[in-house]
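Line order of the protein sequences matches chains C and F. If you're matching positions, the first sequence starts at 0 in numbering that gives the first Met the number 0 and goes up one per residue. If you're matching positions, the second sequence starts at 0 in numbering that gives the first Met the number 0 and goes up one per residue. Report on the following structure.
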Amino acid sequence: MNDLDALLNARGVSENLGANIITGVFNRLGSHAAFALGDGSLRLSDGKGWSRINAHEGAVLALAPDSTVSGFLSGGDDGKLQRVSIEGSLTEIASFGMKWVDNIASFAHPKSGLLACSVGKFVHLFNADGSKLRSLAHPSTVSGIAFDAKGKRIAASHYNGASLWFTASTSETPRFFEWKGSHLGIAIHPLGEAIVTSMQENALHGWTLPDGKHMRMSGYPSKTESFGFTKSGKWLATGGADAIVLWPFFGGGPMGKPAVELGMSDGAFIKRIACHPEFEVVAAGFDDGSVIVADIVKEKILPVCGPGRGAITALAWNASGSHLALGTESGFAALVDFSRQG
Amino acid sequence: MPDLIPVTILTGYLGAGKTTLLNRILTEQHGKKYAVIINEFGELGVDNDLVVDSDEEVFEMNNGCICCTVRGDLIRIIGGLMKRAQKFDGIIVETTGLANPAPVAQTFFVDEDVKAKTRLDAIVTVVDAKHLLARLDDSPEAADQIAFADVIVLNKLDLVTPEELASVEARIRSINRYAEIHHATRGNVDVTKLLGLNAFDLGRVLESVPDFLDEDSHTHNEHLNSISLSLDAPLDPEKFNIWIGHILQTQGQDILRTKGILSYKNEDRRFAFQAVHMIADGDFVAPWNATDKRTSRIVFIGRDLNRPQLRRGFESCAA
């Protein structure tokens, strides 16, 4: 079984962080990875050393790269939304009292960057400098948020569907995409052709844009906690099964088209998915702790690490796709270097 | 079995004394850490380190089960609490006065992530001895809260005469004969009778069901009542599954709760069965003792239960 760890051992740096990892991301520059922990701390690494920032009381619930190049945004069950610099300084952007900051997203742009967080039924929208733009109200608690690729729209998932808002508009009503049930997370197609949500009932649901036609993607043995579109937008890569389930978003798909399955495991389920920023490549992390990288075009699988360190809870590429960050619920974290060497 | 965090659901009509009881639990259990999930801040604050404010967000599952409603906010909050490095001795969920307890209870059967980390310990319903009879007449939720209860705290005893108390208690028993009733004034109940009961573990609860109460005794025109059936012959698990599946599918809207401890043929362990409306769950629990009489017992709490029909069905499950 040690063979499965060959890549981690040869090209990875790892650390036991001592508390459960909630999620992990790289900053936009790609110089640092940050891991959010259940003890309220953030752990940053540049691939050499590690630093600790005590960011929240309770648990960190959400983490995203800042819209500026180097920092991060974190939210916690202490109701705080904060900006975190790689040097370790904290700047509070907003505080929501007893309410939890459940989700954070950011959009990078030299002039019109945006930040957003969800707190209860509201999505709060900020300028890149942290000044408040507006609060968007929803019929029930927001479970996921996503900006489109141009920062023109922000989508939120909630009960009975999803809402799509124009970020620059002052309209009080979003475009509402209805589908009965509890929607748990959301993604927007990179070319703006669809929005997709994951659902309580072990399925995903999508709507085409702009016409709003329904797409049902079902058959999962467990909840899809993580999913995303590949760079080109041709594939929607999803977790929740014992293999990476890829839905084709081309040639009329995914309606009436079978999903492609890659990287079948021996009974472990995929908890986290991370699509590569440059190629049609997907990383997948399983509940047994193993991580694989799949090349969709060549249908080849590369093991990154084997099972045994706890379920994967963090998985992210840096912006150039040269490094993969991974973390587990038992506190194991690693950065693996995929860049061409020698 | 991993260490599952026990969850206590505290229900009760407005003004019954839920928050007073909650604060008493929290003060008496010092040294233990509880997460408290409340819906609204009442006039009385809740005195605890970790109080989570929630909106009671109920949604319908798309699983073909028409009455299957679930509290999505609880799934989210429990998921969030489980992310904390610091662990809890228990979680207490206080519902609003008008809440139907079914969605809260069903959440613990339906969601895999919640099931993997927590277990429903008991549903505790606080009732106001002085005003219960009036509430039962004017609001269906009050009766549902009694029907769902594993434990009933009969509060504000100082406000009623012994005669009034007897009639209130008889009325409770006519709805739910199998809940434990504790008397209280300003919520002064021994906390060990409310927490860590494993009431959903059933064995102990059903074994204490008194047989002599089994004659149908609902004297009010209450549609809600409870019946218990027992069978000394071992059961055929397949026959039982087919029968109970059919009963819950066809009558699950009216059957609020089902609990059973079953003796299967050629099986030394007890099988614990339970359901909330149509959603059922079951597992083998501790083995029968050598001296036990292996009697299967099943309890139904619901509306317009047809005892002879249920009894015939249960008896037909004998191996």
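Here a beta-carbon is modelled for each residue, glycine too, at the ideal position from N, C-alpha and C. These figures come from a predicted structure and were not determined experimentally.
Give the range of the beta strand (DSSP E) segment to which F/Q273 is assigned.
R268 to V275
Any idea what DSSP makes of F/F278, helix, strand or coil?
Residue identity check: residue 278 of chain F is Ile in the sequence provided, not Phe. Strand at F/I278.
Since F/K116 is in the alpha helix (DSSP H), which residue starts that stretch and which ends it?
E111 to K116
Can you list the residues of chain D that C/L36 reaches, using a CB-CB cut of under 8 Å?
Looking for chain D here will not work: the only protein chains present are C and F.
Alpha-carbon spacing of C/S329 relative to C/N19, whole angstroms
5 Å
What residue from F/N197, F/T249, F/G71 and F/D120 has the CA that sits closest to F/V109's CA?
F/G71
Which residue wins for smallest C-alpha separation from C/V290, given the options C/A35, C/G184 and C/R308?
C/R308
Backbone CA spacing between C/M380 and C/L60 [nearest angstrom]:
Lying outside 0 to 341, the shown extent of chain C, residue 380 of chain C is not represented and no answer is given.
Do the region 284-304 of chain F and the region 244-253 of chain F touch if we need at least three Cβ pairs shorter than 8 Å?
yes
Contacts that F/D72 makes with chain C (C-beta to C-beta distance below 7 Å):
T140
In chain order, what residues of the same chain have a beta carbon less than 8 Å from the beta carbon of C/K256, not counting five sequence neighbours either side?
W246, P247 and G250
Does the CB of C/G57 have a neighbour CB from chain F at under 8 Å?
yes
Would you kindly check if the distance between the Cβ of F/L261 and the Cβ of F/F272 is under 8 Å?
yes
Shortest alpha-carbon distance to C/F146 belongs to which of C/N159, C/H322, C/G184 and C/A324?
C/G184
Are at least three pairs of beta-carbons, each pair with one atom in the region 82-93 of chain F and one in the region 30-38 of chain F, less than 8 Å apart?
yes
Secondary structure at F/K258, three-state DSSP: helix, strand or coil?
Assigned with DSSP and collapsed to three states, F/K258 falls in strand.
Give me the chain F residues within the contact set of C/Y158, using Cβ-Cβ distance strictly less than 7 Å, ordered along the chain.
E56, F58 and G71
Is C/S134 buried or exposed, if buried means 16 or more other CB atoms sit within 10 Å of its CB?
C/S134 should be labelled exposed.
Roughly how far, in whole angstroms, is the beta-carbon of F/I8 from the beta-carbon of F/K116, given that I think they are within contact range, below 8 Å?
About 16 Å separates the Cβ atoms of F/I8 and F/K116, ruling out a contact at the 8 Å cut-off.
Suppose you measure from the CA of C/P173 to the CA of C/D38; what does that come to, to the nearest Å?
36 Å
4-residue-minimum alpha helix (DSSP H) runs that sit fully inside the region 99-149 of chain F, ordered along the chain:
100-109, 111-116, 131-137 and 139-147
Three-state secondary structure (DSSP) of C/D210
coil
Assign F/M81 to buried or exposed, taking buried as 16 or more other Cβ atoms, counted over all protein chains shown, within 10 Å of its Cβ.
buried
In whole angstroms, give me the CA-to-CA distance for F/F22 and F/V45.
According to the sequence shown, residue 22 of chain F is Asn rather than Phe. The alpha-carbon atoms of F/N22 and F/V45 are separated by roughly 6 Å.
May I have the straight-line CA-CA distance separating C/T22 from C/P64, to the nearest angstrom?
When only Cα atoms are considered, C/T22 and C/P64 end up about 12 Å apart.
Cβ of F/A121 within 8 Å of Cβ of F/V167?
The answer is no: Cβ separation not under 8 Å.
How about C/I269 and C/G238: are their beta carbons less than 8 Å apart?
Against a cut-off of 8 Å, the Cβ pair of C/G238 and C/I269 comes out as a contact.
Just the chain F side, please: which residues come within less than 7 Å of C/L18 by C-beta, in chain order?
This sequence places Ala at residue 18 of chain C; Leu is not what is there. By Cβ distance, chain F contributes A84.
Are C/V296 and C/V303 close, meaning C-beta to C-beta below 8 Å?
With contacts defined as CB atoms closer than 8 Å, C/V296 and C/V303 fail to qualify as a contacting pair.
Leaving aside the five residues before and after F/G195 along the sequence, list all residues of the same chain whose C-beta is less than 8 Å from its C-beta, in chain order.
P5, G89 and D120
Straight-line Cα distance separating C/R271 from C/F45
Phe is not the amino acid found at residue 45 of chain C; the sequence shown has Asp there. Going by the C-alpha atoms only, they are around 22 Å apart.
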